[in-house]
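S.K.: Once you've had a glance at the structure underneath, I'll fire off some questions.
There are 2 protein chains.
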Amino acid sequence: MNLVYDPQHHLNQPVTSADRVLLAVQQAIVEGELPAGSKITETGLAKQFNVSRAPLREALARLERCHLVERTPNAGARVVTLTYDGLIALYQIREELEGLACRLAAERMADEEIEALSKLLEQHLASQRVREGESYYQEAGDVDFHYRVILASKNQYLINMLCDELYFLVRMYRVQLGMNGPRVSRAFDEHKAIINAIANRDGELADLLMRRHISASRKNIEQKLSAHKEVS
Amino acid sequence: MNLVYDPQHHLNQPVTSADRVLLAVQQAIVEGELPAGSKITETGLAKQFNVSRAPLREALARLERCHLVERTPNAGARVVTLTYDGLIALYQIREELEGLACRLAAERMADEEIEALSKLLEQHLASQRVREGESYYQEAGDVDFHYRVILASKNQYLINMLCDELYFLVRMYRVQLGMNGPRVSRAFDEHKAIINAIANRDGELADLLMRRHISASRKNIEQKLSAHKEVS
DNA sequence: TTCTTCTTAATTGTCGACAATCTTGTGGGT
DNA sequence: ACCCACAAGATTGTCGACAATTAAGAAGAA
């Protein structure tokens, strides 16, 4: 059983080679296989993936869309560099957008969907208790929860922005800064409170709780980062 | 003097042919020259703009990014169709993101920037009083105000999302639904109140006022739309 | 007539080559 | 030694052609 979470489960399967290359490069960047800040040469990557430059350029365009590479005309593309300010900026937006998503989800989710999400949480909790501290699983669980809430908002722009554009960056920060979970049990409690608010159709509360949840996550990361700074 | 507002003043000049084609097609879609819902054939547009398909496909990818066209693999691209739900979804996001932008602007704008924006408002007010009801100018002024606030947030993701992705759609809705301004004087008052809150460094109030401002704009459009429905 | 199926045409995806641009390294001058 | 101009190399942007897939239309059966 593969525990690696597919971040694009809401999208269609990759059909074109540009799609395949995109997925591969996305993973390579998120996992750090292509180091942050490194230069990307089209010819190089094209050879590496056994495709022509045409589909690779298509993939690059989409990578730029999800903020994983930065391109300058006639000069090429670089993998983004992770910065403290960038992380803050990212989480600021997440707070607003996921708060909104949560409010909309509370208004629009079908009862069965809520039930299913609640079940999923129980499931994660059980698995987490079994594998105490196994963090990647936790991350997948967290991502999964957020994904479901976002999809439940049924706002297409919101879904695109969060799932297609921002979430790769979120995962990249998590992976490369080693955000393996201490915050596990608290995160689960917060998820639980959020799903309760949604079940009560209390959009306002769900919004507030989601913002707090993300804010807490941000503060947690900030704390880890400053600790890391002291060392280095 | 050309009153047409350049929506990408914060970006570099177009350097590649893909850039030029992108700008042209963006304008064509926003203005309705390429009708909403119509199919886009790559060969056709390529010939129309005297370029090869390669730069045109690059442009198409970016058009998809700003939600002006929808592509399906192996099937081609269509200009987006404007819907009531889409408009609501768009303004929901604008409320959140521009509210955030406004709060950040209140915290981060330099005194001189605030002064300049205030001056710009006075300028718009004067011009608007001269040409009573000339609406496109008003739109440019409104767009300009929002652009400046967004840029002042200094959050790069926010700037990209709002200025590069969503604002073309906003303009498309405005142009094609004939949102010429009745709401002129009230909009100016609201802008004035917002800049005041920013000048007082009251981020919370600036946030609230911007949300209300956009909410009012949305309700105004909703009203017009329902009136339009009664006719047709 | 209507539906299905197959053929044909049109359109998108991909490729390799060339042109335009930027980067690097060398040489000369101060 | 330092700086600037220039040339060679590498990289991106663009092009036209071919392959793969889809859409359109004709032919035939119910």
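So the protein sequences, as listed, match chains A and B. Under the UniProt record's numbering, the letters of the first sequence match residues 1 to 232, in that order. Under the UniProt record's numbering, the letters of the second sequence match residues 1 to 232, in that order. A virtual CB, placed ideally from N, CA and C, is assigned to each residue, including glycine.
Output, in chain order, the set of chain A residues within a Cβ distance shorter than 8 angstroms of residue 170 of chain B.
M.R.: For the purposes of this step, residue 170 of chain B is identified with residue 170 of the second sequence, where counting begins at 1. What residue 170 of chain B touches in chain A: nothing, since even the nearest Cβ is about 11 angstroms away.
S.K.: How long is the line joining the alpha carbons of residue 98 of chain A and residue 104 of chain A, rounded to whole angstroms?
M.R.: Taking the first residue of the first sequence as 1, we reach residue 98 of chain A at position 98. Taking the first residue of the first sequence as 1, we reach residue 104 of chain A at position 104. Cα to Cα, residue 98 of chain A sits roughly 10 angstroms from residue 104 of chain A.
S.K.: Is DSSP giving residue 39 of chain B helix, strand or coil here?
M.R.: As a first step, residue 39 of chain B must be located in the second sequence, where it is residue number 39. Of the three classes helix, strand and coil, the one that applies to residue 39 of chain B here is strand, per DSSP.
S.K.: Which term fits residue 165 of chain A, buried or exposed, when burial requires 16 or more other beta carbons within 10 angstroms of its beta carbon?
M.R.: Residue numbering aside, residue 165 of chain A sits at position 165 when the first sequence is read from its first letter. Burial call: buried.
S.K.: Which class does residue 69 of chain A belong to by DSSP, given the choice of helix, strand or coil?
M.R.: Here residue 69 of chain A corresponds to residue number 69 of the first sequence, with the count starting at 1. Strand at residue 69 of chain A.
S.K.: Starting from residue 89 of chain A, trace the alpha helix (DSSP H) in both directions and tell me its first and last residue.
M.R.: Translated into positions along the first sequence, residue 89 of chain A becomes position 89. 84 to 108 is the span of the alpha helix (DSSP H), which, as asked, contains residue 89 of chain A.
S.K.: List the residues that DSSP assigns as beta-bridge partners of residue 234 of chain B.
M.R.: Nothing can be reported for residue 234 of chain B: it is not among the residues displayed for chain B, which extend from 1 to 232.
S.K.: For a contact defined as C-beta to C-beta under 8 angstroms, what are the partners of residue 93 of chain A on chain B?
M.R.: Numbered from 1 along the first sequence, position 93 holds the residue referred to as residue 93 of chain A. Ordered by position in chain B, the residues that pass the 8 angstroms Cβ test against residue 93 of chain A are 97, 100, 155, 157, 158 and 161.
S.K.: Assign residue 121 of chain A to one of three DSSP states: helix, strand, or coil.
M.R.: Working through the first sequence from its first residue, we reach residue 121 of chain A at position 121. Helix.
S.K.: Using 10 angstroms around the beta-carbon of residue 75 of chain B, count the other beta-carbons present and answer buried if the total reaches 16, otherwise exposed.
M.R.: On the second sequence, residue 75 of chain B is found 75 positions in, with the first residue counted as 1. Exposed is the call here.
S.K.: Which stretch, first to last residue, makes up the alpha helix (DSSP H) that contains residue 161 of chain A?
M.R.: Counting from 1 along the first sequence, the entry for residue 161 of chain A is found at position 161. Residue 161 of chain A -> no alpha helix (DSSP H), and no H or E assigned at all.
S.K.: Would you say residue 16 of chain B lies against chain A (beta-carbon separation less than 7 angstroms)?
M.R.: Along the second sequence, one-based indexing puts residue 16 of chain B at 16. Chain A contact via Cβ: present.
S.K.: Going along the UniProt domain "HTH gntR-type" (15 to 82) of chain B in order, which residues come within less than 8 angstroms of chain A, judged by CB to CB distance?
M.R.: So the close ones are 15, 16, 19, 54, 57, 58, 61, 62, 65, 67, 73 and 74.
S.K.: When the Cα of residue 28 of chain B is compared with those of B:147, B:141 and B:168, which residue comes out closest?
M.R.: For the purposes of this step, residue 28 of chain B is taken as residue 28 along the second sequence, with counting starting at 1. Considering only alpha carbons, the answer is B:168.
S.K.: For the alpha helix (DSSP H) containing residue 31 of chain B, list its first residue and its last residue.
M.R.: On the second sequence, position 31 is the one that residue 31 of chain B refers to. Taken as a continuous stretch (DSSP letters only), the alpha helix (DSSP H) holding residue 31 of chain B covers 17 to 31.
S.K.: Using a beta-carbon distance below 7 angstroms, is residue 105 of chain B in contact with chain A?
M.R.: Position 105 of the second sequence holds residue 105 of chain B. Answer no: the Cβ-Cβ gap between residue 105 of chain B and chain A never drops below 7 angstroms.
S.K.: Assuming the contact rule is C-beta atoms closer than 8 angstroms, residue 108 of chain B and residue 154 of chain B should be a hit. Round their C-beta distance to whole Å, please.
M.R.: Mapped onto the second sequence, residue 108 of chain B falls at position 108. Mapped onto the second sequence, residue 154 of chain B falls at position 154. About 5 angstroms; that satisfies the 8 angstroms criterion.
S.K.: What residue range does the alpha helix (DSSP H) around residue 176 of chain A cover?
M.R.: In the first sequence, counting from the first residue as 1, residue 176 of chain A sits at position 176. Where residue 176 of chain A is concerned, the enclosing alpha helix (DSSP H) stretches over 167 to 176.
S.K.: Rounded to whole angstroms, how far is the Cβ of residue 32 of chain A from the Cβ of residue 176 of chain A, which I believe are closer than 8 angstroms?
M.R.: Stepping through the first sequence from its first residue, residue 32 of chain A is reached at position 32. Stepping through the first sequence from its first residue, residue 176 of chain A is reached at position 176. Their Cβ separation, rounded to whole angstroms, is 5 angstroms, which keeps residue 32 of chain A and residue 176 of chain A in contact under 8 angstroms.
S.K.: Using a Cβ-Cβ distance cut-off of 7 angstroms, determine whether residue 110 of chain A contacts chain B.
M.R.: Taking the first residue of the first sequence as 1, we reach residue 110 of chain A at position 110. Closer than 7 angstroms: no.
S.K.: Does the region 192 to 211 of chain A come within contact of the region 79 to 88 of chain A, defined as at least 3 CB pairs closer than 8 angstroms?
M.R.: Too few Cβ pairs lie closer than 8 angstroms, so no.
S.K.: Three Cβ pairs or more, each shorter than 8 angstroms: is that satisfied between the region 139 to 157 of chain A and the region 84 to 103 of chain A?
M.R.: Because the criterion of three Cβ pairs below 8 angstroms is met, the region 139 to 157 of chain A and the region 84 to 103 of chain A touch.
S.K.: Pull up the distance between the alpha-carbon of residue 174 of chain A and that of residue 88 of chain A, whole angstroms please.
M.R.: The residue given as residue 174 of chain A occupies position 174 in the first sequence. The residue given as residue 88 of chain A occupies position 88 in the first sequence. Roughly 13 angstroms separates the two Cα atoms.
S.K.: Please report the distance separating the alpha-carbon of residue 20 of chain A from that of residue 73 of chain A.
M.R.: The sequence position of residue 20 of chain A within the first sequence is 20, counting from 1. The sequence position of residue 73 of chain A within the first sequence is 73, counting from 1. Those two C-alpha atoms are separated by around 25 angstroms.
S.K.: Using a Cβ-Cβ cut-off of 6 angstroms (strictly less than) and excluding sequence neighbours within five positions of residue 102 of chain B, which residues of its own chain qualify?
M.R.: If you number the second sequence from 1, residue 102 of chain B lands on position 102. Excluding positions up to five away in sequence, the list reads 149, 206, 207 and 210.
S.K.: What did DSSP end up calling residue 14 of chain A once you bin it into helix, strand or coil?
M.R.: As a working mapping, residue 14 of chain A is identified with position 14 in the first sequence. The answer is coil: DSSP assigns residue 14 of chain A none of H, G, I, E or B.
S.K.: Taking 7 angstroms as the CB-CB limit, is residue 227 of chain B close to chain A?
M.R.: Mapped onto the second sequence, residue 227 of chain B falls at position 227. By this cut-off, residue 227 of chain B is not an interface position.
S.K.: With 16 other CB atoms within 10 Å as the buried threshold, where does residue 69 of chain B fall?
M.R.: The residue given as residue 69 of chain B occupies position 69 in the second sequence. Residue 69 of chain B comes out buried.
S.K.: Figure out for me which residue from A:24, A:144 and A:156 has the closest Cα to the Cα of residue 116 of chain A.
M.R.: As a position in the first sequence, residue 116 of chain A is number 116, starting the count at 1. Checked all of A:24, A:144 and A:156; the closest Cα to residue 116 of chain A is A:144.
S.K.: Please tell me whether residue 89 of chain B has its Cβ less than 7 angstroms away from any Cβ of chain A.
M.R.: For this step, residue 89 of chain B is matched to residue 89 along the second sequence. Closer than 7 angstroms: yes.
S.K.: Pick from B:86, B:141, B:158 and B:159: whose alpha carbon is nearest that of residue 218 of chain B?
M.R.: What you label residue 218 of chain B is simply residue 218 of the second sequence in a count that begins at 1. Ranking B:86, B:141, B:158 and B:159 by Cα distance to residue 218 of chain B puts B:86 first.
S.K.: Return the Cβ separation of residue 30 of chain A and residue 172 of chain A in integer angstroms, given the expectation that the two are a contact with Cβ distance under 8 angstroms.
M.R.: As a position in the first sequence, residue 30 of chain A is number 30, starting the count at 1. As a position in the first sequence, residue 172 of chain A is number 172, starting the count at 1. Between residue 172 of chain A and residue 30 of chain A the Cβ distance is about 5 angstroms, and since that is below 8 angstroms, they are a contact.
S.K.: For residue 15 of chain A, count the other beta carbons within 10 Å of its own beta carbon; 16 or more makes it buried, fewer makes it exposed. Which is it?
M.R.: The sequence position of residue 15 of chain A within the first sequence is 15, counting from 1. Flag for residue 15 of chain A reads exposed.
S.K.: Tell me which same chain residues have a C-beta within less than 6 angstroms of the C-beta of residue 232 of chain A, skipping the five on either side of it?
M.R.: Here residue 232 of chain A refers to the residue found at position 232 of the first sequence. Confidence in residue 232 of chain A is poor, its pLDDT being 44 and thus under 50, which makes the residue's placement too unreliable to answer from.
S.K.: Restricting to Cα atoms, I'd like to know which of A:35, A:83 and A:45 is closest to residue 226 of chain A.
M.R.: Stepping through the first sequence from its first residue, residue 226 of chain A is reached at position 226. Residue 226 of chain A has its Cα closest to that of A:83, out of A:35, A:83 and A:45.
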